[in-house]
Amino acid sequence: MAHDTTHNDHGSATKRIWIVFAILSVVTIIEVILGIIKPEFLTQTYLLAMRLLNWIFIILTLYKAYYIAWAFMHLEHETKGLRRAIVWTGVFLISYLIFILLTEGNYIYEVYKGGHMAWDF
Amino acid sequence: MEATVVRTGTEGKTWGGGNEPLKASYGKMMMWFFILSDALTFSGFLAAYGFSRFKFIDSWPIADEVFTHFPFLHGVEAPMYYVALMTFILIFSSVTMVLAVDAGHHMKKGKVTFYMFLTILGGLVFLGSQAWEWNTFIKGDYGAVKTTGGNILQFVDTEGERVALSDVAIPIQGERVEHESNTGVWFESGSDLPSYSLEEVKAGFMQNENVLIRTQILTENGEKTVLSREESIAALNNDGIGIVEGANLVENEYGHPLFADFFFFITGFHGFHVLSGVLINIIIFFNVIIGTYERRGSYEMVEKVGLYWHFVDLVWVFVFTFFYLV
Numbered sequence: 000m001a002h003d004t005t006h007n008d009h010g011s012a013t014k015r016i017w018i019v020f021a022i023l024s025v026v027t028i029i030e031v032i033l034g035i036i037k038p039e040f041l042t043q044t045y046l047l048a049m050r051l052l053n054w055i056f057i058i059l060t061l062y063k064a065y066y067i068a069w070a071f072m073h074l075e076h077e078t079k080g081l082r083r084a085i086v087w088t089g090v091f092l093i094s095y096l097i098f099i100l101l102t103e104g105n106y107i108y109e110v111y112k113g114g115h116m117a118w119d120f
Numbered sequence: 000m001e002a003t004v005v006r007t008g009t010e011g012k013t014w015g016g017g018n019e020p021l022k023a024s025y026g027k028m029m030m031w032f033f034i035l036s037d038a039l040t041f042s043g044f045l046a047a048y049g050f051s052r053f054k055f056i057d058s059w060p061i062a063d064e065v066f067t068h069f070p071f072l073h074g075v076e077a078p079m080y081y082v083a084l085m086t087f088i089l090i091f092s093s094v095t096m097v098l099a100v101d102a103g104h105h106m107k108k109g110k111v112t113f114y115m116f117l118t119i120l121g122g123l124v125f126l127g128s129q130a131w132e133w134n135t136f137i138k139g140d141y142g143a144v145k146t147t148g149g150n151i152l153q154f155v156d157t158e159g160e161r162v163a164l165s166d167v168a169i170p171i172q173g174e175r176v177e178h179e180s181n182t183g184v185w186f187e188s189g190s191d192l193p194s195y196s197l198e199e200v201k202a203g204f205m206q207n208e209n210v211l212i213r214t215q216i217l218t219e220n221g222e223k224t225v226l227s228r229e230e231s232i233a234a235l236n237n238d239g240i241g242i243v244e245g246a247n248l249v250e251n252e253y254g255h256p257l258f259a260d261f262f263f264f265i266t267g268f269h270g271f272h273v274l275s276g277v278l279i280n281i282i283i284f285f286n287v288i289i290g291t292y293e294r295r296g297s298y299e300m301v302e303k304v305g306l307y308w309h310f311v312d313l314v315w316v317f318v319f320t321f322f323y324l325v
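So the sequences go chain by chain: A and B.
Taking numbering that gives the first Met the number 0, the leading residue of the first sequence gets 0, the next gets one more, and so forth.
Taking numbering that gives the first Met the number 0, the leading residue of the second sequence gets 0, the next gets one more, and so forth.
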C-alpha cells in the first residue's frame with residue numbers, strides 16, 4: 000500500500016523536514032538579497048542572451064522546486080516509474096512550450112523594432 | 000462462486016494481474032496526474048507571460064519599482080520584502096502540512112489535527128496578504144499620463160526620484176464635471192474622473208522646471224529612460240491624452256497593460272488554488288477531528304490533500320521568481 004513506501008523512524012523524517020525548510024528559507028533569502036542589491040557584475044554579464052543574475056534566480060528556483068517535490072511531496076520515496084512518469088512528462092512539455100513561445104516573442108520584438116510601424120507615440 | 004473463476008495458470012507471475020508496479024494507491028496516483036496537468040496549465044500562463052515580456056523586452060515594467068509597499072510602512076520603499084514574507088508564509092504552511100502527513104503515518108490524531116490547523120491558518124494569512132497586494136496594486140502609487148500609442152509617461156525629479164501626480168498638478172476651477180444619472184435622459188454610466196485632469200497636470204508641469212518625464216523604454220543598464228526637459232515638454236504636449244491612476248485590465252500606471260493583466264490572471268489563478276486548497280484542507284481537518292481516518296486505519300487522505308497543498312506552494316515559488324525577481 001501507499002504508505003509503506005514512506006516508512007522510516009519518526010525522528011529522522013521530521014528532521015529531514017526541518018532541514019529542507021532551512022534550505023528553502025536560506026535560498027529564498029539569498030534570492031531576495033540578490034534581487035534588492037542587484038550586483039553590477041551579475042547584471043552586466045550575459046550568458047546565452049540572458050543576464051547572469053536571471054540564470055542564478057532560475058537555477059535557485061529549480062533547486063527549491065526539487066526539494067519541495069522530492070522531500071515534501073515524497074517523490075524520493077515513490078517508485079522510479081511513478082517519479083519518471085511525473086517529472087519527465089512535465090519537464091519535456093514545459094521546456095518545449097517555453098522554447099517555442101520565447102522564440103516567437105523574440106521574433107515579434109524584432110518585427111516591431113525593425114518594422115515601419117511606429118508604436119511609441 | 001469458486002466455479003466461475005477461470006484459472007489461467009499465470010497467478011503469481013508479472014502478467015497474472017493484481018500487480019501494483021507503481022506501488023501507489025489509485026487516489027494518490029490520480030492526484031499526481033491531476034497535479035501534472037495543473038502544472039502544465041500554470042506553465043502555459045507563465046510561458047505566455049514570458050512571450051509577452053520578450054515581445055516588449057525593452058519596455059517591460061521593473062517589478063521592484065511596482066511592488067514597493069509593506070503594510071504599516073507608508074512612504075517607505077520596501078521592494079520585495081512583502082512578497083518574500085508571503086513566500087515564507089506559504090513555505091511554512093507547507094512544512095506544517097508535511098508534518099501533519101508524517102504524524103498521520105504514525106496514526107497520531109492529535110498531532111495531525113494541530114498541524115492541519117496551522118496549515119489552514121497559513122493559507123488564510125497568505126490569501127489575506129494577496130488581497131492586500133492586489134488592493135495596493137489596483138489603487139496605484141504615483142499616477143501617470145497615458146499616450147495615444149497606449150504607452151505611459153511617468154514623472155521624476157532631476158535626481159530620478161518618482162514624483163506623484165498630486166505634486167505636479169495645479170487645480171483648475173470649474174473644469175471637470177462627472178457625468179451623473181441626472182444630467183442626461185439616456186444615462187449610460189460614464190467613467191470616473193481621475194483626481195486630476197490632463198490640463199491640470201500639463202499646467203503644473205510647465206511651471207515646475209525640476210520635473211522630467213520618464214518613458215517605458217529601458218536603457219542599456221536596465222533602467223527607464225529619463226527625457227531632457229525639452230523632450231519632456233514635447234512628449235507631454237504631443238502624446239499625452241489622459242491620466243492613469245492605478246492598474247486594471249485596460250490600463251496600468253506602471254507600464255504595459257499586459258503586465259497588469261498577467262499579474263491579475265496568474266496570481267489570481269494561484270490565489271484561487273490556495274482558496275480551494277484551504278477549503279479542501281478544512282474538510283479533511285474536520286474528518287480528522289471526527290475520527291474518520293482513525294476508523295479507516297489510514298491517514299492517506301491527509302497525504303493526498305498534502306500533495307495538492309505542496310503543489311500550490313511549488314507554483315508560488317515559480318510565480319515569485321518570474322514575476323518579482325527576473
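Ideal Cβ positions, reconstructed from N, Cα and C, are used throughout, including at glycine.
Burial state of residue i (16 or more Cβ within 10 Å)
i: Gly17(B); result: exposed
i: Gly15(B); result: exposed
i: Met106(B); result: exposed
i: Thr118(B); result: buried
i: Met205(B); result: exposed
i: Leu248(B); result: exposed
i: Glu198(B); result: exposed
i: Ser42(B); result: buried
i: Gln172(B); result: exposed
i: His115(A); result: exposed
i: Ser36(B); result: exposed
i: Ser11(A); result: exposed
Check: residue i C-beta below 7 Å from any heavy atom of the ligand SAH
i: Ala99(B); result: No copy of the ligand SAH occurs in the structure displayed, which carries no ligand at all.
Alpha-carbon spacing of residue i relative to residue j, whole angstroms
i: Phe136(B); j: Ile28(A); result: 24 Å
i: Thr56(B); j: Thr218(B); result: According to the sequence as given, residue 56(B) is Ile; it is not Thr. In a straight line, the C-alpha of Ile56(B) is about 11 Å away from that of Thr218(B).
i: Glu77(A); j: Tyr307(B); result: 16 Å
i: Thr9(B); j: Arg83(A); result: 29 Å
i: Ala246(B); j: Asn53(A); result: 26 Å
i: Thr266(B); j: Leu274(B); result: 12 Å
i: His272(B); j: Lys27(B); result: 19 Å
i: Leu72(B); j: Met115(B); result: 32 Å
i: Val75(B); j: Leu120(B); result: 28 Å
i: Leu313(B); j: Asn280(B); result: 17 Å
i: Ile321(B); j: Glu132(B); result: Strictly speaking, residue 321(B) in this sequence is Phe, with Ile absent from that position. So the two alpha carbons sit approximately 17 Å from each other.
i: Pro215(B); j: Gly221(B); result: Strictly speaking, residue 215(B) in this sequence is Gln, with Pro absent from that position. The straight-line gap from Cα to Cα measures roughly 11 Å.
i: Ile90(B); j: Arg6(B); result: 53 Å
i: Thr86(B); j: Asn134(B); result: 18 Å
i: Ala38(B); j: Phe56(A); result: 20 Å
i: Val311(B); j: Gly80(A); result: 24 Å
i: Val90(A); j: Gly11(B); result: 36 Å
i: Ser296(B); j: Thr112(B); result: In the sequence as displayed, the identity of residue 296(B) is Gly instead of Ser. For Gly296(B) and Thr112(B), the distance between alpha carbons rounds to 16 Å.
Per-residue contacts from residue i into chain A (C-beta, under 9 Å)
i: Glu56(B); result: Glu is not the amino acid found at residue 56(B); the sequence shown has Ile there. Going along chain A in sequence order, the residues near Ile56(B) (Cβ under 9 Å) are Gly104, Asn105, Tyr108.
i: Ala143(B); result: In chain order: nothing, as chain A lies at least about 15 Å away.
Amino acids of chain B, ordered along the chain, whose beta-carbon sits closer than 8 Å to that of residue i
i: Val90(A); result: Within chain B, no residue comes near Val90(A); the closest Cβ sits about 10 Å away, beyond 8 Å.
i: Phe40(A); result: Ordered by position in chain B, no residue passes the 8 Å Cβ test against Phe40(A), which lies about 13 Å from the chain.
i: Ile57(A); result: Thr320, Val325
Partner residues on chain B for residue i, Cβ-Cβ distance less than 7 Å
i: Ile35(A); result: Pro78, Met79
i: Thr44(A); result: The premise fails here: Thr44(A) is roughly 13 Å from chain B at the closest Cβ pair, so nothing lies under 7 Å.
i: Thr97(A); result: Before going further, note that residue 97(A) is Ile rather than Thr in the sequence given. Residues of chain B passing the Cβ test: Ala46, Gly49.
Residue i: contacting residues in chain B (beta-carbon distance under 9 Å)
i: Ile29(A); result: Neighbours of Ile29(A) on chain B: none; closest Cβ ~11 Å, over 9 Å.
Neighbour list for residue i in chain A, Cβ cutoff strictly below 7 Å
i: Gly97(B); result: Contrary to the premise, residue 97(B) reads as Val rather than Gly in this sequence. Ordered by position in chain A, the residues that pass the 7 Å Cβ test against Val97(B) are Ile16, Phe71.
i: His68(B); result: Residues of chain A passing the Cβ test: none, with the nearest at roughly 15 Å.
i: His309(B); result: Ile67, Phe71, Met72
i: Leu306(B); result: Met72
Cβ neighbours of residue i in the same chain (closer than 6 Å, five flanking residues each side left out)
i: Arg60(A); result: The sequence given here has Thr at residue 60(A), not Arg. Closer than 6 Å at the Cβ level, and outside the excluded window around Thr60(A), lies no residue.
i: Phe69(B); result: Ala77, Tyr80, Tyr81
i: Leu324(B); result: none
i: Leu45(B); result: Phe321
i: Leu98(B); result: Tyr114
i: Ala168(B); result: Tyr195, Glu199, Val200, Gly203
7 Å Cβ shell around residue i - same chain, five flanking residues per side excluded
i: His6(A); result: The predicted model places His6(A) with a pLDDT of 48, which falls under 50 and marks its position as unreliable; any figure quoted below should be read in that light. Around His6(A): no qualifying Cβ.
i: Gly159(B); result: Val225
Spatial neighbours of residue i in its chain, beta-carbon cut-off 8 Å, leaving aside the 5 residues before and after
i: Asn286(B); result: Tyr292, Met300
Contact list for residue i against chain A, beta-carbon separation under 8 Å
i: Ala38(B); result: Gly89, Ile93
i: Asp101(B); result: His9, Ala12, Thr13, Ile16
Using a Cβ cut-off of 9 Å, which residues of the region 20–34 of chain B contact any Cβ in chain A, in chain order? Among the residues of the region 20–34 of chain B, those with a Cβ less than 9 Å away from any Cβ of chain A are Pro20, Leu21, Lys22, Ala23, Ser24, Gly26, Lys27, Met28, Trp31, Phe32, Ile34, in the order of the chain.
Listed from N- to C-terminal order along the chain, which residues in the region 41–53 of chain B have their beta-carbon within a distance smaller than 9 Å of any beta-carbon of chain A? Ser42, Gly43, Leu45, Ala46, Ala47, Gly49, Phe50, Ser51, Arg52, Phe53
Listed in chain order, which residues of the region 311–324 of chain B have Cβ atoms closer than 9 Å to some Cβ of chain A? Asp312, Leu313, Val316, Phe317, Phe319, Thr320, Phe321, Tyr323, Leu324
Output needed in chain order: residues of the region 103–119 of chain A with a Cβ under 7 Å from some Cβ in chain B. Glu103, Gly104, Asn105, Ile107, Tyr108, Trp118, Asp119
Give the residues from the region 66–78 of chain A that approach chain B closer than 7 Å (Cβ to any Cβ), ordered along the chain. Answer set for the region 66–78 of chain A: Ile67, Ala68, Phe71, Met72, Glu77, Thr78.
With 9 Å as the C-beta to C-beta threshold (strictly closer), list the residues of the region 83–95 of chain B near chain A in chain order. Ala83, Thr86, Phe87, Ile90, Phe91, Ser93, Val94
In chain order, what residues of the region 264–276 of chain B put their CB closer than 8 Å to some CB of chain A? none
Give me the subset of the region 118–129 of chain B whose CB atoms are less than 7 Å from a CB atom of chain A, sorted by chain position. none
At a Cβ cut of 9 Å, what residues of the region 206–234 of chain B count as close to chain A, listed as they run along the chain? Thr214, Gln215, Ile216, Asn220, Gly221
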